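K.L.:
Here it is, the structure, as structure tokens.
Numbering (the working numbering), first residue to last: 2 to 427.
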């Protein structure tokens, strides 16, 4: 269960039960009858995509590189998505936390481009009736002026330690020991009990690999430690033994953080400070807009921001200035966004729309909340393009837009490191 707060609306609850958050992929096409890749519709309950794929690979005795999918679906939900297994068995599978239904074949692996959108059904609970009505009124604002297309906190599960350190930063610096320590011996806010115990053991026995191996249960981390028993200083190769999909996520997390920061500063300049409010994310505060003219919103929704990577060029001069200032703050240049010594690991090329205007939002009638006596619930159904986060919409609907305004109004100023301009302090 996740709690939020909006003005007078306190202790808003989403994901109080798995049925409160349901997501289904909209595939771009149907499975065929030919091809080396067998397609499955995976329905999972209370388990993340990576964990489910790991369990499936153990069931089948196959390496994870044979499995492909289009995106990661939330652990705290019921979700339906397509996966593909190269030379997989053409049959159904059952597991206590997920089921797979064979739906055909494909000549290609399943990729993000293989589906077009996600459909969500989300229940917001523990509301007074007038609070639910406030959320409904905010839906009209969202329909009119959209929401920033940020990556949400789920993207940053690889942040490590109390300071929120990115594994990718250590990789960029060529410090493979630090990167490995962060990956397998430092806690994440998403870790389950078993993962935390394994990381605690590795942290306590770091460098004493023989003892560490003896104290670890069978796991991917133990396999890495086993390699270090015989190669105690080869941290580059040891890091390379980490599941490739996880390594890609480590880079994606940092790239997404940079992209979010660029968008936040861009909104500050384009929308105007009086219309902005701050929202705390695990990777830092970001700006949301409360209002915007519909025409301006539509124009902004057509604007894209490239993904920061070694060869990225920002055609918009304002975006270029923002990106340069951000990289200076990170003590990096754009050309530094590469991983030396790992040819298969690189930052993604592409772009992402700045603004999201959700389509077909359908609120159900306000209903009694059967899990919270005397309260009501509001259920929303809507569709978002692939890669966009439903929880960003929920944050916009359930956040105090009145009291967490952009700092302003005292006459004092501070320098904005991402635009070079001063701003008022409250």
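For each residue, glycine too, the CB sits at the ideal point set by N, CA and C.
All of these numbers come straight from a predicted model, not from anything done at the bench.
1) Rounding to the nearest angstrom, what Cα-Cα distance links residue 20 and residue 353 in this structure?
2) Can you tell which of 286, 40, 60 has its C-alpha closest to the C-alpha of residue 71?
3) Classify residue 41 as helix, strand or coil using the three-state DSSP reduction.
4) Would you grab the beta carbon distance between residue 104 and residue 158 for me? Rounded to a whole angstrom, and I think it's under 8 Å.
5) Go ahead and label residue 269 buried or exposed: buried means 16 or more other beta carbons lie within 10 angstroms of its beta carbon, across all protein chains shown.
6) Using a 10 Å radius around the Cβ and a threshold of 16 neighbouring Cβ atoms, would you call residue 88 buried or exposed?
7) Would you call the stretch 305-312 and the stretch 276-284 in contact, with 3 or more CB pairs under 8 Å?
8) Grouping DSSP H, G and I as helix and E and B as strand, with all else coil, what is residue 405?
9) Give every residue of the same chain whose Cβ lies closer than 6 Å to the Cβ of residue 133, excluding the five residues on either side of it in the sequence, and list them in chain order.
10) Use the C-beta contact count for residue 245: other C-beta atoms within 10 angstroms, 16 or more gives buried, fewer gives exposed.
11) Going straight from the alpha carbon of residue 330 to that of residue 301, what length do you get?
12) In the DSSP assignment, find the unbroken alpha helix (DSSP H) run with residue 441 in it and report its ends.
13) Name the residue from 106, 234, 217, 181 whose alpha carbon lies nearest to the alpha carbon of residue 241.
14) Ordered along the chain, which non-local residues of its own chain (more than five positions away) have a Cβ less than 6 Å from that of residue 258?
15) Identify the residues that DSSP records as bridge partners of residue 28: which are they?
16) How long is the line joining the alpha carbons of residue 233 and residue 295, rounded to whole angstroms?
17) In chain order, which continuous runs of the alpha helix (DSSP H) of length 4 or greater are located wholly inside the stretch 235-291?
18) Using C-beta distances below 6 Å, list every residue in its chain close to residue 251, excluding the 5 sequence neighbours before and after it, in chain order.
19) Can you have a look at residue 184 and say buried or exposed, based on whether 16 or more other CB atoms are within 10 angstroms of its CB?
20) Considering only their Cβ atoms, is the gap separating residue 110 from residue 38 smaller than 7 Å?
21) By the DSSP assignment, the alpha helix (DSSP H) with residue 358 in it spans what residues?
22) Note down the Cα distance separating residue 122 from residue 341, rounded to an integer number of angstroms.
23) Can the beta-carbon of residue 355 be found less than 7 Å from the beta-carbon of residue 153?
24) Residue 318 by DSSP, collapsed to three states: which one?
25) Is the Cβ-Cβ distance between residue 126 and residue 47 less than 7 Å?
26) Do you know whose CA, among 348, 350, 92, 381, lies nearest residue 363's CA?
27) For residue 103, which residues does DSSP report across the bridge?
28) Using 8 Å as the threshold, is the stretch 131-151 in touch with the stretch 195-203, meaning 3 or more CB pairs across them?
29) For the alpha helix (DSSP H) containing residue 177, name the first residue and the last one.
30) Quick one: residues in its chain with C-beta nearer than 6 Å to the C-beta of residue 94, no 5 flanking neighbours on either side, listed in chain order?
31) Assuming residue 203 is part of the alpha helix (DSSP H), what are its boundary residues?
32) By Cβ distance below 7 Å, which residues in the same chain neighbour residue 264 in space, the five residues on each side in sequence not counted?
P.N.:
Reading off the structure:
1) For the purposes of this step, residue 20 is taken as the residue at position 19 of the chain shown. For the purposes of this step, residue 353 is taken as the residue at position 352 of the chain shown. Cα to Cα, residue 20 sits roughly 30 Å from residue 353.
2) Taking the first residue of the chain shown as 1, we reach residue 71 at position 70. Checked all of 286, 40, 60; the closest Cα to residue 71 is 40.
3) On the chain shown, position 40 is the one that residue 41 refers to. Reduced to three states, the DSSP call for residue 41 is strand.
4) Residue 104 sits at position 103 when you count from the first residue of the chain shown. Residue 158 sits at position 157 when you count from the first residue of the chain shown. Rounded, the Cβ-Cβ distance is 29 Å, inconsistent with contact.
5) As a working mapping, residue 269 is identified with position 268 in the chain shown. The residue in question, residue 269, is buried, as its Cβ has 16 or more Cβ neighbours within 10 Å.
6) Here the question's residue 88 lines up with position 87 in the chain shown. So residue 88 ends up on the exposed side.
7) no
8) Locating residue 405 in the chain shown gives position 404, counting from the first residue. At residue 405 the pLDDT is 36, less than 50, meaning the model places this residue with poor confidence; the figure from the coordinates comes in the next sentence. Coil at residue 405, not helix or strand.
9) Here residue 133 refers to the residue found at position 132 of the chain shown. Result list for residue 133: 367, 377, 379, in chain order.
10) The residue you call residue 245 lines up with position 244 of the chain shown. It counts as exposed.
11) Along the chain shown, one-based indexing puts residue 330 at 329. Along the chain shown, one-based indexing puts residue 301 at 300. About 26 Å.
12) Because the chain spans 2 through 427 in this model, residue 441 falls outside it and cannot be assessed.
13) Walking along the chain shown from the start, residue 241 turns up at place 240. Cα-wise, what sits closest to residue 241 is 181.
14) Looking up residue 258 in the chain shown gives position 257. 284.
15) As a working mapping, residue 28 is identified with position 27 in the chain shown. Answer is 116, bridged to residue 28.
16) Position 232 of the chain shown, counted from the first residue, corresponds to residue 233. Position 294 of the chain shown, counted from the first residue, corresponds to residue 295. Rounded to whole angstroms, residue 233 to residue 295 spans 60 Å at the Cα level.
17) 236-241, 245-272
18) The count along the chain shown starts at 1 and reaches residue 251 at position 250. Excluding residues within five positions, the ones whose Cβ falls inside 6 Å are 159, 168, 169.
19) Stepping through the chain shown from its first residue, residue 184 is reached at position 183. Answer is buried; the Cβ neighbour count reaches 16.
20) Translated into positions along the chain shown, residue 38 becomes position 37. Translated into positions along the chain shown, residue 110 becomes position 109. Contact: yes.
21) For the purposes of this step, residue 358 is taken as residue 357 along the chain shown, with counting starting at 1. No alpha helix (DSSP H) holds residue 358; DSSP gives it neither H nor E.
22) By 1-based counting over the chain shown, the position of residue 122 is 121. By 1-based counting over the chain shown, the position of residue 341 is 340. So the two alpha carbons sit approximately 43 Å from each other.
23) One-based indexing of the chain shown puts residue 355 at position 354. One-based indexing of the chain shown puts residue 153 at position 152. No, the pair does not count as a contact, with Cβ atoms beyond the cut-off.
24) If you number the chain shown from 1, residue 318 lands on position 317. Residue 318: helix per DSSP, three-state reduction.
25) Along the chain shown, read from residue 1 onward, the residue named residue 126 stands at position 125. Along the chain shown, read from residue 1 onward, the residue named residue 47 stands at position 46. Result no, Cβ atoms of residue 126 and residue 47 do not sit closer than 7 Å.
26) In the chain shown, the residue the question calls residue 363 occupies position 362. Measuring from the Cα of residue 363, the nearest candidate turns out to be 381.
27) Within the chain shown, residue 103 is the residue found at index 102, counting from 1. Partner(s): 41.
28) no
29) Translated into positions along the chain shown, residue 177 becomes position 176. Taken as a continuous stretch (DSSP letters only), the alpha helix (DSSP H) holding residue 177 covers 177-186.
30) Residue mapping note: residue 94 aligns to position 93 of the chain shown, counting from 1. Cβ neighbours of residue 94 beyond the five flanking positions: 101.
31) Here residue 203 refers to the residue found at position 202 when the chain shown is read from its first residue. Per DSSP, residue 203 belongs to the alpha helix (DSSP H) from 194-205.
32) As a position in the chain shown, residue 264 is number 263, starting the count at 1. Taken in chain order, the residues that qualify are 149, 151, 306, 355.
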